[in-house]
Amino acid sequence: MRINPSHVVVVLSVLLGWAVSTENACGDKPVVTQVENPLAKEAVRKMGVLKERMAEAEDKGMDVTREESTLWFAQQFLKFADWDENHPSEVAYLFAQYGPYEQQSETLAKEIPEFQRRMVVVTLDQAIETLSKVINGEIRRRPVNKIDWRNVEVGDNMLVSHGKPVFLYDYFSKSVGRPLSDGGVYNDHLGAIYHGGENLYPPEYDRAINSFLLKEDRSLDQELLREVTEIDDTNVGFLLYWMQGIPEWVQRREPEVRFGRSTFTGFDIDNPLVKEVWGTIARETGVLTRGKRVTRLGYILANEPHWHSIASNWTRRTGEMQQVSSYTLEGFRQWLRAKYSGDINRLNQNWETQFLGFETVQIQIPISAQTRGTPVFYDWARYNMDRVIAWYAMLQSELRKGNPDADTHIKLIPHHYTDNDRAHGIDIESLTQLTSIIGDDAKARPTRRSYTNEPEPWEQHYAFYWEELCMSYDFMESVAPDSIHINSESHFLSAARWRKLDLSTQYVKCVYWLATLHGMDANFAWFWARDPDGSPEDRLEGELNFADLALAGSFAGSVNQQPHIANAYTQVMMDLNSFSEEVIALRKQRRPLRLFHSETSAINKRSHMTEQFALYEELFFEGFPMGFATEKIIKSRDNGSWDAILVFRTPYVTVAELDALQSYLDQGGTVIVDGEKSLAKDEYGNPHAKRLEAGQGRLVLLENNPSPKQIRDIALRKIASSMSHFKLVEDNGSDRKSCRWQAVKQDDGSYLVSILNLGKHDAELQIVFDHDKPVSVTDLLTGQDIGTDLSLDSQGVALLKIHPRSGN
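So for the sequence shown, the numbering used here puts the first residue at 765; every next one is plus one.
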């Protein structure tokens, strides 16, 4: 065996009671770690073993990129554990900022150093075992498709590096003030994307583009402008328009400017001066940043926008929408004038009011939740969405005057689509259609929210909550199938409302495969808050403001204290990049069934999205990705790209929505409707004068209020001819499927198949063909040949190639 000098250093360090890690691949200085602690000694010893295995593998020409990351994280977290052990009061303080940990904060602070060391050892053990199998030939794995962080290009519905599709990874927020040249924060292990302002407020901490750039004389503040013009243009990245504040001079000239504000938009978007200020900023910053690498991932036009107008925790916390401005009210009046064709009598009849003219219309905001389902509620909710669309259309238009090639996205909150609430002003479809990149901050979680002890429905069958992630992604990908997709604040590892210190690496692997197969091209995990010396970053120390408290409360129990999770996140992204071409092929699979979505019904009904998910869930595990159809999708997309549209419990639709469905039927399409109640009423609950007719297509009108299962079976029979020549039979000990699978036929006649077990139980699976020809099945993740019968653990991931057996 080749002798590696670093092995000698490790052996000597163990004998002397201290450890020096060799300089890592990023050029950091050696890390000195005290190893009086038995677990630390064990970790250092196993780091030496892993390095020996890596040397063996390299001698055989094998890639050890994965192990380099494991070693880096081991070094870092041994250092973090030492820091935490030496600063118990600071660590206890951070534990106390998260409600469920508050009462045990001192105990947890005492235990966390050993927890981190123990998980370092576990992670090293797993890496040694896996690499040993690779060396022995038990596992065949692909080299990592490494990302060139400086030269990622936006390709055809994908991001490309070295000529191959790539899936980018990084952290939403990183240690503030660290330059891209700091290898302890920006590297292949943590990601190396320029963050363009996502380090959170206040402005002096980051380079977000904000409204303070423009002075009252309409000149640009040159000092703040340097925060934009002096951005390091070494690596690809994105820029963020941060809208929480508004200059004092604007407030002085416009006393109502804070009316109707929201959490992350601190001003009235209907205010003419605000439009002038932000239009100028967007236009001028577009000019200044045009063509730079840091804009290749686009400009984020907003962080988590929302304008909740029913009294809720959001409104009580920020005072938002407690009073709308005169500009908003006048905009609403003009909207109503157009909607009712200038006839105030029609409005009065519909609203049951007695306004003398549109100029006298008033509305109480916050609006009562009890008004939902009434014309007043519908009109306000729809107008609230339309004015938000107009705001971002203006902002994007001004940006593109300065930078015609600017890609844009909005960090949309996906549960604004999947939840039942529709008083928030966000039309996910229209905003996704407006911008050139799909943008969001989708969440998933393997535990309940911290503020409830009540069991949640998903817990009965699944290992984690996937509804928001999958349903919203399938919807947005149906709206914009040709756009890249960036989750600029992925809450898969933790969130403000949930934490799981003993989070499993199986979950991390499964959820990232799931999100990527559903369209995600880049993601920024929440969040990295360790400085290279192991201390929590500056914003989490000392006196905290509102923003700092949000981060401080998210530190305890997060990836910052989880070496196994930090490593697992990087490992799964490396695996996804190794199989990037296969993932892209799977993502191109046709969506044969489209569930009809109507915002009209979503606004009017109290549980519309809950009911829609029931049917979506039934079809989710049938071997193909689900799609959605809306009036706009039917009008703008090739109707031949799906086999049928399903309409389920959707009583309220506009005339335009009904006409779109009729147009699809007239062109020979198939529409399956669950009963006479669907499509029966307009947006105000009035019966439609006409109903769908088959035309040149096929209209299937079901009777007796069929269940989601019954509709699923009917729909599957309708598309049987376009399905794969095999099916996946699942036995997980329950009466509900939990393996999400899909298959695409390759040019050589083989099938590429992915299977993810989202269930809480292990599954026994059987691949059954509609012919008796012999086939071979290869597990692409291990290179092993397996049979058509296989087992998949809960949260297990399988990527298979099925092909005719040689000689047959």
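Every residue gets a Cβ at the ideal spot worked out from N, C-alpha and C, and that includes glycine.
Please read these numbers as outputs of a predicted model, since none were measured by experiment.
Of the other Cβ atoms in all chains shown, fewer than 16 fall within 10 Å of the Cβ of histidine 1535; this residue is therefore exposed. By a beta-carbon distance limit of 8 Å, isoleucine 1367 contacts alanine 1145. Their separation comes to about 5 Å. DSSP places lysine 1509 within a strand segment (E or B) once states are collapsed to three. Judged by their CB atoms, leucine 1004 and isoleucine 892 are not nearer to each other than the 9 Å cut-off. With respect to glutamate 1020, asparagine 1035 sits close: the two C-beta atoms are nearer than 9 Å. Three or more pairs of CB atoms, one per stretch, sit closer than 8 Å, so the stretch 1460-1467 contacts the stretch 1420-1430.
Counting only runs that start and end inside the stretch 795-863, the beta strand (DSSP E) elements of at least 3 residues fall at 795-798. Under the three-pair Cβ rule at 8 Å, the stretch 1198-1208 counts as touching the stretch 1173-1182. Taking the Cα positions, arginine 1213 is about 48 Å away from glycine 1121.
Under a 10 Å Cβ-count criterion, glutamate 1116 is classified as exposed, with fewer than 16 other Cβ atoms of the shown protein chains found around its own Cβ.
A distance below 7 Å between beta-carbons, with the five flanking residues on each side excluded, links methionine 1235 to the following residues of its chain, in chain order: Thr1182, Phe1377 and Tyr1380.
Considering only Ala1330, Ser896 and Lys1473, the residue with the shortest C-alpha distance to tyrosine 935 is Ala1330.
Here DSSP, grouped into helix, strand and coil, assigns threonine 1029 to strand. In the DSSP secondary-structure assignment, methionine 1007 is bridged to Thr1029. Bridge partners of valine 1437 according to DSSP: Val1411 and Leu1465. Bridge partners of lysine 1207 according to DSSP: His1255. For the 9 Å CB-CB criterion, arginine 1355 and proline 1389 form a contact.
Positions of the beta strand (DSSP E) runs, each at least 3 residues long and wholly inside the stretch 1132-1216, are given as 1172-1175 and 1202-1204 in order along the chain. Nearest in C-alpha terms to valine 1561, of all of Gln1548, Lys1537 and Trp1505, is Trp1505.
Rounded to the nearest whole angstrom, the C-alpha separation of glycine 1551 and proline 1470 is 38 Å.
Excluding residues up to 5 positions away in sequence, Asn921 lie with their Cβ nearer than 6 Å to the Cβ of aspartate 1246 in the same chain. No Cβ-Cβ contact shorter than 9 Å links aspartate 1549 with glutamate 1528. At the C-beta level, alanine 845 and glutamate 870 stay beyond 9 Å of one another. DSSP places tyrosine 1237 in no beta strand (DSSP E) but in the uninterrupted alpha helix (DSSP H) bounded by 1231-1243.
Comparing alpha-carbon positions, the option among Ala1227, His1255 and Ala1244 lying closest to leucine 1233 turns out to be His1255.
Scanning its chain for C-beta atoms nearer than 8 Å, with the 5 sequence neighbours on each side dropped, one finds around isoleucine 1436 the residues Ala1408, Ile1409, Leu1410, Val1411, Val1464, Leu1466, Ile1475, Ile1478, Ala1479 and Lys1482, in chain order. Cβ contact annotation for valine 828 (same chain, cutoff 8 Å, sequence separation greater than five): Met818, Ala821, Glu822 and Leu895, in chain order. Counting along the chain, glutamate 991 sits inside the alpha helix (DSSP H) bounded by residues 986-993. The beta-bridge partner set that DSSP reports for valine 930 consists of Leu923. Taking a 10 Å sphere around the C-beta of glutamate 1193, we find 16 or more other C-beta atoms and assign the residue as buried. Here the alpha carbon of leucine 1563 sits roughly 8 Å from the alpha carbon of threonine 1542. Distance check between alanine 804 and each of Ala1154, Met883 and Ser1555 places Met883 closest, using alpha-carbon atoms only. In the DSSP annotation of this structure, the continuous segment of the beta strand (DSSP E) that includes asparagine 1521 starts and ends at 1515-1521. The three-state reading of DSSP puts valine 1493 in strand, counting E and B together.
Boundaries of the alpha helix (DSSP H) harbouring glutamate 1048: 1036-1053, taken from the DSSP string. Boundaries cannot be given for asparagine 915, as no alpha helix (DSSP H) includes it and DSSP labels it neither H nor E.
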